[in-house]
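Sequential numbering of the sequence shown, starting at 7, is according to this note's numbering.
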Amino acid sequence: MDPSLAPTALYTLTPIQNLSAPSSSPSISPSPSFASTALFCSLLSLLSLLGITGNLYTLVLLLRRSRVRRRRGAGLACCLTRIPVLSLALADLLYLFTAPFIVYDSLASGWAFGELGCRLLLSLDLLTMHASIFTLTAMSMDRYRAVAHPLRTSSSSSSNLLRVTLAWGLAVALSLPMMITLHLEDGEDGEGQLCVPAWDEQSSKAYLSVLFCTSILAPGLAIGGLYATLGRLYWVSQTQPAWANGTGAACTPRAPKPKVLLLILGIVLAFWACFLPFWIWQLLPLYQPDMLRTLPVGTQVTVNRILTGLTYGNSCVNPFFYTLLTGKRKPIGRCSH
């Protein structure tokens, strides 16, 4: 196996090392040069620095605004409305903190961070990815309830912490199999130790298929359905007269606020744009292995690196959305009579 295909944070899931042709095969080209590796490490370091700075700024902004609200007499429930954004920023930070290890591993031959580092570092991508999308799904559901059932949203702030805790709990449960099966293995031809999962091809296929469903497919269907319903409610609110339902004091579904909805949708679309290509690359060798058998090793590594940079880029873009989401918002859950 080529040393450059040793699993790193996002390479962990790829069974690509099992598909590499022998080095004597004429279809296999050399791995990327040191210059290419240095460029990848430089760009990844830059993305990590920008992302960490942006997400730390978001956290400071959240804490400062929460402190100001408490000084003005706002209750704990008002502060808890920002818990989902805090969860997203923390997930991004945890993911970004793995970048230095990827950079080092890309330059070194073999895994240098021990078995504990193997289990923890290479499971963080799964953990943070699921924590983010589950939190985004919960935020979308909260927006839907605020629009469709405004009278029931008065207690939603106090349940934000519960939703976020549940999101992280599910994320931990889904990443545990990877964390448990990862172990160190001696590489071939003096490659040093490699961090690889200990399962066969069928188990890997089943596990990655489940992860694709839990991180992309199921949340995508849920969020898509919620936003389709919100779009219909918005259309009705703009076309139906206020007196059409004949209930003067009754509380009807409120018109969605485009800014908040578009910001959450923007975060979701950015997540899909950055992680869907990653998942296609993970599942391709499992369901269409012949398509990668003839692909040069150097090309495989280059694709891995591009997709790695893309997912880290997602954590750099998110703070812009988070900062806008933490702006001043009027309380929801009250129905004017």
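Each residue gets a CB set at the ideal place from its N, CA and C atoms; glycine is no exception.
Just so we're clear, the structure is a prediction, and the values are computed from it rather than from any experiment.
Item, Value
"Residues near phenylalanine 218 by beta carbon distance below 7 Å, same chain, minus five either side", "Trp285, Leu289"
"Contact the segment 116-133 vs the segment 206-214: 3+ CB pairs below 8 Å", "no"
"Close beta carbons around serine 51, own chain, < 8 Å, minus the five adjacent residues each side", "Ala105, Pro106, Val109"
"Distance between leucine 102 and glutamate 194 (C-alpha atoms, nearest Å)", "30 Å"
"Buried/exposed call for isoleucine 139, threshold 16 Cβ in 10 Å", "buried"
"Rounded separation between phenylalanine 326 and valine 202 - CA only", "35 Å"
"Which residues DSSP lists as bridging leucine 190, in chain order", "Cys201"
"Given glutamate 121 as reference, the closest of Leu188, Leu100, Thr245, Leu68 once Cα atoms are compared", "Leu188"
"Sequence-distant residues of the same chain with beta carbon closer than 8 Å to serine 31, five excluded per side", "Residue confidence for serine 31 is low, a pLDDT of 34 falling below 50, so the modelled location carries little weight and cannot support an answer."
"Reduced DSSP secondary structure (H/G/I, E/B, other) of alanine 118", "coil"
"Where the alpha helix (DSSP H) through serine 210 begins and ends", "207-218"
"Same chain, Cβ closer than 7 Å to cysteine 280, neighbours up to 5 away in sequence not counted", "Leu316, Thr317, Gly319, Asn320"
"DSSP state of arginine 88 mapped onto helix, strand, coil", "coil"
"Serine 72, buried or exposed, once every other Cβ within 10 Å from all chains shown has been counted against 16", "buried"
"Coarse secondary structure for serine 39, derived from DSSP in three states", "coil"
"Burial state of glutamine 294, where buried means 16 or more other Cβ atoms lie within 10 Å", "exposed"
"Distance CB(leucine 269)-CB(tyrosine 233) smaller than 9 Å", "no"
"Alpha-carbon spacing of glycine 175 relative to alanine 137, whole angstroms", "8 Å"
"Serine 165 at chain C interface by Cβ criterion, 9 Å", "No chain C is part of this structure, which consists of one protein chain only."
"Residue nearest to leucine 309 in terms of C-alpha spacing, selected from Pro283, Asp111, Leu49", "With the sequence shown as reference, residue 309 is identified as valine, and leucine is not the correct amino acid for it. Answer by Cα proximity: Pro283."
"Residues of its chain near leucine 267, where Cβ-Cβ distance is below 8 Å and the 5 sequence neighbours each way are ignored", "Arg149, Tyr233, Leu236"
"Same chain, Cβ closer than 6 Å to cysteine 47, neighbours up to 5 away in sequence not counted", "Val109, Ser112"
"Buried/exposed call for serine 93, threshold 16 Cβ in 10 Å", "buried"
"Simplified DSSP state of proline 302, which is helix, strand or coil", "coil"
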